Amino acid sequence: MKKNWLGIGVGLTVMMLLAVGCGNNTNEPDPEYDRLVGTTWQDQFGSSEWDADVFENMQTSIDVTDCSIENEMRERPDPNKGGRPDRPAFHPWQRLINALKLTPEQQASVKDLLAKFSSCTDEARNIMKDHQLEIIQRANQARADVIAQVRAGEITRKEALEKIRAINKDAREALRNSDVAKRVREMVKNCEDEFLASLDSVLTPEQKEILKKYLDHRNSDGPGRGPGPGKRG
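Quick note, the sequence shown lines up with residues 340 to 572 if you use the working numbering.
Now the structure itself:
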């Protein structure tokens with residue numbers, strides 16, 4: 340069943356995706372890597388069945404639209420969905436799984452691993468969702484107080500704008516660096532570590548090399564190479 344929520348990311352995306360650590364910098368282009376991750380899910384499996392059954396939105400990060408004098412703060416639509424709830428989300432492990440060219444037997448095993456990863460991160464996603472809602476509500480109440488001051492003639496519009504900018508700054512800082520956000524990042528990293536260890540155990544030596552290459556590139560700081568669900572150190 341699809342889990343549609345969180346506008347992070349973590350992710351997290353969370354928008355920040357969950358970042359946990361840093362890796363080696365490998366800035367030189369790697370055509371083989373680009374070829375491997377360039378395949379589509381449909382190219383490998385011939386249908387979109389896994390997208391519907393397994394590739395849920397695993398985003399564990401959030402982003403918001405700043406409040407203003409005219410508008411309240413609100414959750415920003417998930418960019419992986421283009422703001423459309425009916426659009427399939429891009430799963431954080433999709434490019435990696437595409438690149439591995441799994442056998443039918445491996446596909447069955449990995450499908451179970453992905454389901455376990457989803458279950459593992461359920462608690463983190465729920466915690467982050469509640470945290471986001473609390474921050475948005477707090478920011479909107481502060482905004483309402485500012486608007487009331489303007490209408491009462493207690494402050495000018497310019498002063499109101501300065502106060503609202505501070506509200507937005509505080510809200511974003513809370514989303515990124517609060518104790519809750521840090522705890523969620525650690526929870527998701529633990530789920531990720533467990534998934535990767537289990538995935539490695541079902542791969543051939545050749546596939547293990549692809550996994551290593553994928554993680555090396557994902558952890559690098561080169562152009563166009565962002566982290567996956569969590570940047571690994």
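For glycine and all other residues, C-beta sits at the position ideal for the given N, C-alpha and C. None of the values given here were measured: they were computed from a predicted structure.
Compute the distance between the beta-carbons of D402 and R415, then report whether it is under 8 angstroms. yes
Please classify T460 as buried or exposed, where buried requires at least 16 other C-beta atoms within 10 Å of its C-beta. buried
Are the CB atoms of K502 and V485 within a distance shorter than 8 angstroms? yes
Distance check for V541 and T404, CA to CA, integer angstroms please. 42 angstroms
According to DSSP, is E414 part of a helix, a strand, or is it coil? strand
Cβ shell of V523 (< 6 angstroms), same chain only, five flanking positions each side left out: A463, I466, M467
Please classify T495: does DSSP put it in a helix, a strand, or coil? coil
Applying the criterion that 16 or more other CB atoms from any shown protein chain within 10 Å of the CB defines a buried residue, is I408 buried or exposed? exposed
Please report how far the alpha carbon of E444 lies from the alpha carbon of N558, in whole angstroms. 29 angstroms
What are the boundary residues of the alpha helix (DSSP H) that E444 is part of? 443-490
For the alpha helix (DSSP H) containing I549, list its first residue and its last residue. 544-558
Anticipated Cβ contact below 8 angstroms, E411 with R477, distance rounded: About 12 angstroms separates the two Cβ atoms, so there is no contact after all.
Bridge partners for V519 per DSSP, in chain order? According to DSSP, which records beta bridges pairwise, V519 is partnered with nothing at all.
Apart from the five residues on each side of it in sequence, which residues of its chain come closer than 6 angstroms, Cβ to Cβ, to L435? Y553
Counting only the same chain and skipping the five closest in sequence on each side, list residues whose C-beta sits under 7 angstroms from that of K547. D539
Whose CA, out of V519, K450, I475, lies closest to the CA of I506? I475
How should P424 be labelled, buried or exposed, when 16 other C-beta atoms within 10 angstroms of its C-beta is the threshold for buried? Note that P424 has pLDDT 48, beneath the 50 cutoff, so the model's placement of it is unreliable and no number is given.
Note down the Cα distance separating Q398 from R490, rounded to an integer number of angstroms. Confidence in Q398 is poor, its pLDDT being 42 and thus under 50, which makes the residue's placement unreliable; the coordinate value appears in the next sentence. The alpha-carbon atoms of Q398 and R490 are separated by roughly 40 angstroms.
Using the C-alpha atoms, what's the distance from L514 back to H470? 8 angstroms
Taking 7 angstroms as the limit between beta carbons, can you name the residues of its chain near S448, skipping five residues before and five after? V541
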